[in-house]
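Okay, so the sequence shown: first residue is 2 according to the numbering used here, each after it adds one.
Glycine included, each C-beta is placed from N, C-alpha and C at the ideal position.
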Amino acid sequence: MRLANTLFRPPGDKWFYVVEPTGRYFESSVSIATLERYVVEHMEASGIEIPLDLRLRIEDYMCQRLPPGSCIGGHPSDPSLAPISYFAVMDAFEAVRPRLHPTAVDEREADRRALVCRTCRLNDQSLCGDCTGMQARISAMLGRRVSGMEFMGVCRDLRLPTLAVIFLDPPPPVVTPRAASCWRAPNHG
Ligand code: SF4
Numbered sequence: 002m003r004l005a006n007t008l009f010r011p012p013g014d015k016w017f018y019v020v021e022p023t024g025r026y027f028e029s030s031v032s033i034a035t036l037e038r039y040v041v042e043h044m045e046a047s048g049i050e051i052p053l054d055l056r057l058r059i060e061d062y063m064c065q066r067l068p069p070g071s072c073i074g075g076h077p078s079d080p081s082l083a084p085i086s087y088f089a090v091m092d093a094f095e096a097v098r099p100r101l102h103p104t105a106v107d108e109r110e111a112d113r114r115a116l117v118c119r120t121c122r123l124n125d126q127s128l129c130g131d132c133t134g135m136q137a138r139i140s141a142m143l144g145r146r147v148s149g150m151e152f153m154g155v156c157r158d159l160r161l162p163t164l165a166v167i168f169l170d171p172p173p174p175v176v177t178p179r180a181a182s183c184w185r186a187p188n189h190g
């Protein structure tokens, strides 16, 4: 589930999360991004791999504990179906930027991945990455392009700009069963 609104403090006036492997509790009354930063710092210091969908996990954790009406959606086990916003996607992109290695993926491989993404049902173009400038911004930051870049939307499996996913190295495993035909899935040709 997702918080109905991440700009205003939820009931209880704070965002909160427990990092499961260590049991450490974190909270912030400033913003959910501040809380996420605390969590990431703790995970990095503890040698815990930071999940790509950390923001979603935080929201889902909170939603399990907040009063009814605080959240939207009802698919905690399938993040690909949860609502998505431009700002959440760009936040997620910023969080994974250190794990993007555009030079590690050669042009041929990038185009192969892009071809699969373009026809993937999880490549969500409803946020119109082309007209919001998302594609151009990310391409400029990565210093890379792929053919058919204008058809890259948001990968709903990872909830990241699809263009960025292509340059994740190493590529993370798929998250949801709906992404079985992803180029990241085991046994994909
Ligand atoms: S699930 Fe895989 S193929 Fe589909 S958009 Fe995401 S990265 Fe591309």
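Which two residues bound the contiguous beta strand (DSSP E) that contains residue i?
{"i": "ARG25", "result": "25 to 29"}
{"i": "PHE88", "result": "Looking at the DSSP string, PHE88 is not in any beta strand (DSSP E); the run it does join, the alpha helix (DSSP H), is 87 to 97."}
{"i": "VAL175", "result": "Where VAL175 is concerned, there is no enclosing beta strand (DSSP E), given that its DSSP letter is neither H nor E."}
{"i": "VAL19", "result": "16 to 20"}
Verify whether the separation of the beta carbon atoms of residue i and residue j is less than 7 Å.
{"i": "VAL1", "j": "ASP112", "result": "The displayed coordinates of the chain run from 2 to 190. Any statement about residue 1 would go beyond what the structure contains."}
{"i": "HIS43", "j": "ARG56", "result": "no"}
{"i": "ASP61", "j": "MET2", "result": "yes"}
{"i": "LEU123", "j": "ALA181", "result": "no"}
{"i": "LEU169", "j": "PHE94", "result": "no"}
Using a Cβ-Cβ cut-off of 8 Å (strictly less than) and excluding sequence neighbours within five positions of residue i, which residues of its own chain qualify?
{"i": "PRO11", "result": "LEU4, MET63, LEU67, SER71"}
{"i": "ILE59", "result": "TRP16, TYR18, ILE33, LEU36, GLU37, VAL40"}
{"i": "MET150", "result": "ALA115, GLN136, SER140, LEU164"}
{"i": "ILE51", "result": "VAL41, MET44, GLU45, ALA96"}
{"i": "HIS265", "result": "Shown here, the chain extends from 2 to 190; a query on residue 265 therefore has no answer."}
{"i": "ARG98", "result": "MET142"}
Give me the residue from the options with the minimum Cα distance to residue i.
{"i": "LEU8", "options": "SER29, VAL20, PRO187", "result": "SER29"}
{"i": "ARG47", "options": "PRO174, ALA105, GLU21, PRO173", "result": "Inspection of the sequence shows that residue 47 is occupied by Ser rather than by Arg. It is GLU21 whose Cα lies nearest to the Cα of SER47."}
{"i": "ILE167", "options": "LEU143, ALA181, ARG138, ASP14", "result": "LEU143"}
{"i": "PRO174", "options": "PHE88, ARG98, ASP54", "result": "ASP54"}
{"i": "PRO84", "options": "ASP158, MET91, ILE73", "result": "ILE73"}
{"i": "ASP158", "options": "ILE49, CYS121, VAL106, PRO103", "result": "CYS121"}
{"i": "ARG109", "options": "ASP125, SER127, ARG145", "result": "ARG145"}
Tell me where the alpha helix (DSSP H) around residue i begins and ends.
{"i": "GLU37", "result": "33 to 47"}
{"i": "ARG58", "result": "55 to 64"}
{"i": "MET142", "result": "135 to 143"}
{"i": "VAL166", "result": "163 to 166"}
What does a CB cutoff of less than 6 Å around residue i pick up in its chain, not counting 5 residues either side in sequence?
{"i": "PRO172", "result": "ARG185"}
{"i": "VAL117", "result": "TRP184"}
{"i": "HIS102", "result": "ASP170"}
{"i": "ILE49", "result": "PRO22"}
Going by beta carbon distance, what residues of the same chain come within less than 7 Å of residue i, once the five residues before and after it are set aside?
{"i": "VAL176", "result": "ASP54, PRO80, ASP158, LEU159"}
{"i": "ARG100", "result": "LEU169"}
Nearest chain B C-beta to residue i closer than 7 Å, yes or no?
{"i": "VAL175", "result": "Protein chains in the displayed structure number just one, and chain B is not present."}
Review point. Residue ranges of each alpha helix (DSSP H) run of no fewer than 4 residues wholly in the region 99 to 130, ordered along the chain?
Key: 108 to 119
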